[in-house]
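*Asks:*
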Amino acid sequence: MPVDWTELAPQLLDAARHDRAWYLTLARELVDPADRLAVDVGCGAGGMSLAIARMMTCGRVVAVDASPAVLDTARDHIRTAWSDPRVRVEPVLVDIPADTAALRETLGGPADLVWASAALHHVGDQQAAVTALASLLDPGGRLALAEGGLPEQHLPWDVGLGEPGLEGRLNAAQDRWFARMRAELPDSRRMPYGWPEALRLAGLSPVTTRTTLDERPPPLDNAARKAVLADLTRRVGWLRPTGLVATGDLDAWDRLLDRSGEHWLGHRNDLFRLSARSVHLGVRPPGPSVNRW
Ligand SMILES: C[S@@+](CC[C@H](N)C(=O)[O-])C[C@H]1O[C@@H](n2cnc3c(N)ncnc32)[C@H](O)[C@@H]1O
Numbered sequence: 002m003p004v005d006w007t008e009l010a011p012q013l014l015d016a017a018r019h020d021r022a023w024y025l026t027l028a029r030e031l032v033d034p035a036d037r038l039a040v041d042v043g044c045g046a047g048g049m050s051l052a053i054a055r056m057m058t059c060g061r062v063v064a065v066d067a068s069p070a071v072l073d074t075a076r077d078h079i080r081t082a083w084s085d086p087r088v089r090v091e092p093v094l095v096d097i098p099a100d101t102a103a104l105r106e107t108l109g110g111p112a113d114l115v116w117a118s119a120a121l122h123h124v125g126d127q128q129a130a131v132t133a134l135a136s137l138l139d140p141g142g143r144l145a146l147a148e149g150g151l152p153e154q155h156l157p158w159d160v161g162l163g164e165p166g167l168e169g170r171l172n173a174a175q176d177r178w179f180a181r182m183r184a185e186l187p188d189s190r191r192m193p194y195g196w197p198e199a200l201r202l203a204g205l206s207p208v209t210t211r212t213t214l215d216e217r218p219p220p221l222d223n224a225a226r227k228a229v230l231a232d233l234t235r236r237v238g239w240l241r242p243t244g245l246v247a248t249g250d251l252d253a254w255d256r257l258l259d260r261s262g263e264h265w266l267g268h269r270n271d272l273f274r275l276s277a278r279s280v281h282l283g284v285r286p287p288g289p290s291v292n293r294w
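If you count the sequence shown from 1, you need to add 1 to reach our numbering.
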């Protein structure tokens, strides 16, 4: 069950808009005033590419994705949101790690910052991808991976329908889907250690991790409530045909997500958003570059 990125492209644009503040906060921390070349790998709709560009005074941000449809979405988004000629934002079709040599050529020199958010877990050999991205860095350059954290929570443990713990079981089903998805990727390999260790094995040091909490306590405003309902509806719809969600749970979700029914989640004041996202950062130590640029 491979992910259909063409189908997901509009959703990635919504995510880029939704995550704008998070990207800007991170870009402010990650971009150094002297940076001239940055890469956003698996850029989706280009939200972080734009945030990085905003923090640079001049240079290039290369927005890389393996899906032509997603890259078209990124190109449109960048065209409408970016016009400062001092920093060029360039969408490029690249499959990591297979096309690393072509990407190196496109960059034309070592990168100051490489960012990859929720992209490398879609690559069969994740360590090979981390090592490939580390090889693009200048000494002192940084590779930042936004991966992992805690699954987003929205509902109280007992919503009064079905067995308590409904959302926890939905997250567990998504985890099992994720294991299947990874097993079916080309050149799929297990990486039985965490992302910081992957960065160390790629020769980066020091390696640090920072996790930020995203909390919206109840009651949610209308926009946030709508976003939560849309997210739950999408996830239940996507997991339904996989057989990973029990029939009783699907029945409860159908009633909770039926806007004409008495149990519709939209009537509740106790919906919330709570999630944690981790960013792992590795620095290329000083010393001669292993690549001839
Ligand atoms: C879950 S989306 C994340 C998008 C964006 N970085 C974000 O955080 O919203 C994963 C992205 O990685 C891209 N992708 C998947 N495999 C890739 C690969 N091997 N090389 C480059 N991009 C890849 C997909 O096309 C998709 O745009």
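For every residue, glycine included, the Cβ atom is placed at its ideal position computed from N, Cα and C. Note that the structure is predicted; figures quoted are calculated from it, not measured.
(1) Given 8 Å as the limit, is there contact between the segment 105-114 and the segment 131-140, that is, 3 or more CB pairs closer than that?
(2) Measuring only the C-alpha atoms, how far is arginine 293 from valine 62?
(3) Mapping the DSSP letters down to three states, classify glycine 48 as helix, strand or coil.
(4) With a cut-off of 5 Å, give the chain-ordered residues whose Cβ is closer than this to any heavy atom of ligand 1.
(5) Starting from arginine 170, follow the beta strand (DSSP E) in both directions and report where the run begins and ends.
(6) Which residue marks the beginning of the alpha helix (DSSP H) containing alanine 145, and which one marks its end?
(7) Quick check on glycine 109: does DSSP put it in helix, strand or coil?
(8) Taking the alpha-carbon of proline 1 as reference, which of Leu134, Ser206 and Asp232 has the nearest alpha-carbon?
(9) Can you check whether the C-beta of leucine 108 is within less than 8 Å of a C-beta belonging to chain B?
(10) Could you check which residue in Trp265, Leu245 and Gly244 has the C-alpha nearest to that of alanine 253?
(11) Can you tell which of Arg285, Leu275, Glu185 and Arg226 has its C-alpha closest to the C-alpha of glycine 1?
(12) For glutamate 216, list the residues DSSP reports as bridge partners.
(13) Which residues in the same chain as alanine 117 place their Cβ atom closer than 6 Å to its Cβ, once the five residues preceding and following it in sequence are excluded?
(14) At which residues does the beta strand (DSSP E) containing arginine 61 begin and terminate?
(15) Return the first residue and the last residue of the beta strand (DSSP E) that proline 69 is part of.
(16) Which word fits proline 242, buried or exposed, when buried means at least 16 other C-beta atoms lie within 10 angstroms of its C-beta?
(17) Can you check DSSP and say which residues form a bridge with proline 92?
(18) Can we say the segment 143-161 touches the segment 265-280, given the rule of at least three CB pairs closer than 8 Å?
(19) Spatial neighbours of arginine 201 within its chain, please: C-beta separation below 6 Å, excluding the five flanking residues on both sides.
*Replies:* This is what the structure gives:
(1) Counting Cβ pairs under 8 Å, three or more are found: they touch.
(2) Any reading at arginine 293 is ruled out, since the residue's pLDDT is 39, under 50, leaving its predicted position unreliable.
(3) Secondary structure at glycine 48: helix, using DSSP grouped into helix, strand and coil.
(4) Checking every Cβ against the heavy atoms of ligand 1 under 5 Å gives Trp6, Ala16, Gly43, Gly45, Asp66, Ala67, Ser68, Val71, Asp96, Ile97, Ser118, Ala119, Ala120, His123 and Val124.
(5) Arginine 170 -> not in any beta strand (DSSP E); alpha helix (DSSP H) instead, spanning 167-184.
(6) In the DSSP annotation of this structure, alanine 145 is not part of any alpha helix (DSSP H); the continuous beta strand (DSSP E) holding it starts and ends at 138-154.
(7) Assignment of glycine 109 by DSSP, reduced to helix, strand and coil, places it in the coil class.
(8) The displayed coordinates of the chain run from 2 to 294. Any statement about residue 1 would go beyond what the structure contains.
(9) Here there is only one protein chain, and chain B is not present.
(10) Selected option, being the one with the closest Cα: Trp265.
(11) Residue 1 lies beyond the residue range present for the chain, which begins at 2 and ends at 294; the question has no answer from this structure.
(12) Answer is Leu275.
(13) Answer for alanine 117: Val42, Gly43 and Leu146, listed in chain order.
(14) Taken as a continuous stretch (DSSP letters only), the beta strand (DSSP E) holding arginine 61 covers 60-66.
(15) Where proline 69 is concerned, there is no enclosing beta strand (DSSP E), although the alpha helix (DSSP H) it sits in stretches over 69-82.
(16) So proline 242 counts as exposed.
(17) Proline 92 is bridged to Ala64.
(18) At 8 Å Cβ cutoff, the stretches touch.
(19) Take arginine 201, set aside five residues on each side of it, and the residues of its chain with a beta-carbon closer than 6 Å to its own are Val208, in chain order.
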